[in-house]
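According to our numbering, the sequence shown is numbered sequentially starting from 1.
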Amino acid sequence: MSRPFTAGERALLLDSKGRRYLVSLLEGGEFHTHSGPVEHDQLLGREEGVTVRSSRGARYVAVRPTLAEVVLKMPRGAQVIYPKDLGPLLILADVFPGARIFESGLGSGALSMALLRAGAEITGYELREDFAARAQANVVGFLGPGVLERYRVEIRDSYAGVDATDMDRFVLDLPEPWQLAAHARTALRPGGIFVAYLPTIVQVATLRAELDRQGFGMAETIEVLQRSWHIDGQSVRPDHRMVAHTGFLTSARLLEPSQERLPAGYALPDSSEAGKDGAGGSGEGALS
Ligand SMILES: C[S@@+](CC[C@H](N)C(=O)[O-])C[C@H]1O[C@@H](n2cnc3c(N)ncnc32)[C@H](O)[C@@H]1O
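Below, the structure is given as structure tokens:
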């Protein structure tokens, strides 16, 4: 289906060296480069993939930016969660359309954008008014003003308490998420999923101990390593550089308080059955 560029939306311009620029399109607008301006009117009414030229002849390819590209280019208040972690986080939290998610803090809104794009409804607490405003502006810039019906933001200290109830998910990116484990126990529905992003393993250890204390189980912590490859004819090898570390993702599920604590991962329902019929833990149901 044809969907040409229109005024008011954003385009991603790539120059001949692969550098990327995010541009908000305006009728009569100009994007200024080292080799003269590119007129926005060259793009308006044209399809994605079009090549345009600056006044001194430099070529730029224009496409609509993906979520990942917007996250890397958008204005930031606080450090964002990078796309390599946002994707796995959506799966760990098992985000689905209509999921009721409590999120804190909001920072620059990168994580909010990923959750909202997946169809979630967010109640978000952010300590700083300027960051909350930045997150809302970034979210609206990417998903349009209608998204605010699903993005309720409060300027609040989430460590002090959470009023939300019957949440499907808790998704946290702040320094001491263990301070929210007790709040999550009352705000999450049974079986609800708690996910936190943390930069250091010492923080992860503190969080895991508190999740245990608060009756969460099936906990896991992962780190996502992403290595890109250089592919140019017969020169095929991993790129020399990669991002060595961003953070750890920890997830856990709220279990019934009376239920016997499950070990990390997944246990067979009745361990006395193990060994019968050759069931040694590698059959259906044994995930770890
Ligand atoms: C690293 S940023 C979050 C970035 C965000 N996930 C993103 O991808 O753009 C951490 C945020 O947590 C907020 N914060 C820290 N402690 C908080 C608290 N107790 N309650 C609410 N927000 C808090 C900070 O103000 C900051 O905006």
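Backbone N, C-alpha and C define an ideal beta-carbon position, used for all residues, glycine too.
Because the structure is a prediction, the values reported are computed rather than measured.
Exposure label - residue i; buried when at least 16 CB within 10 Å
{"i": "A99", "result": "buried"}
{"i": "S102", "result": "Checking the sequence shown, residue 102 turns out to be Phe, not Ser. Per the 10 Å Cβ criterion, buried."}
{"i": "M311", "result": "Residue coverage of the chain in this structure runs from 1 to 288, which leaves residue 311 outside it and unanswerable."}
{"i": "F96", "result": "exposed"}
{"i": "V348", "result": "Residue numbering for the chain in the displayed model covers 1 to 288; residue 348 lies beyond these limits and cannot be assessed."}
{"i": "P175", "result": "exposed"}
{"i": "Q259", "result": "Note that Q259 has pLDDT 49, beneath the 50 cutoff, so the model's placement of it is unreliable and the number below is only indicative. So Q259 ends up on the exposed side."}
{"i": "I81", "result": "buried"}
{"i": "A11", "result": "buried"}
{"i": "Q214", "result": "buried"}
{"i": "E256", "result": "exposed"}
{"i": "D168", "result": "buried"}
{"i": "L26", "result": "exposed"}
{"i": "Q226", "result": "exposed"}
{"i": "T165", "result": "exposed"}
{"i": "P65", "result": "buried"}
{"i": "S16", "result": "exposed"}
{"i": "Q136", "result": "buried"}
{"i": "M74", "result": "buried"}
{"i": "G107", "result": "buried"}
{"i": "T123", "result": "buried"}
{"i": "R3", "result": "exposed"}
{"i": "P177", "result": "buried"}
{"i": "E149", "result": "exposed"}
{"i": "V171", "result": "buried"}
{"i": "D173", "result": "buried"}
{"i": "A91", "result": "Per the sequence shown, residue 91 should be read as Ile rather than Ala. Result: exposed."}
{"i": "D85", "result": "buried"}
{"i": "A93", "result": "buried"}
DSSP beta-bridge partners of residue i
{"i": "F142", "result": "None, per the DSSP bridge assignment."}
{"i": "P238", "result": "W229"}
{"i": "R59", "result": "R53"}
{"i": "S251", "result": "V195, E220"}
{"i": "Y21", "result": "L13"}
{"i": "F170", "result": "F102, F194"}
{"i": "F31", "result": "V38"}
Inter-residue CB distance, residue i and residue j (contact presumed, cutoff 8 Å)
{"i": "D239", "j": "S228", "result": "5 Å"}
{"i": "E210", "j": "A181", "result": "5 Å"}
{"i": "L254", "j": "R185", "result": "6 Å"}
{"i": "T6", "j": "L44", "result": "7 Å"}
{"i": "E48", "j": "V63", "result": "5 Å"}
{"i": "F248", "j": "V202", "result": "In fact, because the Cβ distance is near 10 Å, the residues do not count as touching under 8 Å."}
{"i": "V162", "j": "H183", "result": "4 Å"}
Range covered by the alpha helix (DSSP H) that runs through residue i
{"i": "R208", "result": "201-213"}
{"i": "A312", "result": "As displayed, the chain neither begins before 1 nor continues past 288, which places residue 312 out of reach and without an answer."}
{"i": "L67", "result": "67-73"}
{"i": "T186", "result": "181-187"}
Residue i: CB within 6 Å of a non-hydrogen atom of ligand 2
{"i": "G107", "result": "Ligand 2 is not among the ligands present in this structure, which contains only ligand 1."}
request  = Let me know the alpha helix (DSSP H) ranges lying completely inside the region 88-168, each 4 residues or longer, listed in chain order.
outcome  = 110-117, 129-143
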